[in-house]
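Data first, discussion second: the structure below is written as structure tokens.
Numbering (our numbering), first residue to last: 937 to 1002.
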């Protein structure tokens, strides 16, 4: 059985743990930011929270501090 692992920088959506490893921002801070109803980079799949990587990258580029 072939197991293929996609690198984080190629994934479209990241879990909170992956987004924390990818960005260096803590899981709790990511959870706090993505709880906002106006958050454009969060995707809810049932109760599961995924981070849209491209929109998250754009968000980080625009921020002065988090």
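Beta carbons are placed, not taken as given, at the ideal position from N, Cα and C, and that holds for glycine.
- The continuous alpha helix (DSSP H) containing residue 952 extends over residues 952 to 959.
- In the displayed model, residue 971 falls within coil according to three-state DSSP, outside both helix and strand.
- Residue 989 is classed as buried because its beta carbon has at least 16 other beta carbons within 10 Å across all chains shown.
- When rounded, the separation of the alpha-carbon atoms in residue 991 and residue 954 is 15 Å.
- Residue range 984 to 988 is occupied by the beta strand (DSSP E) that includes residue 988.
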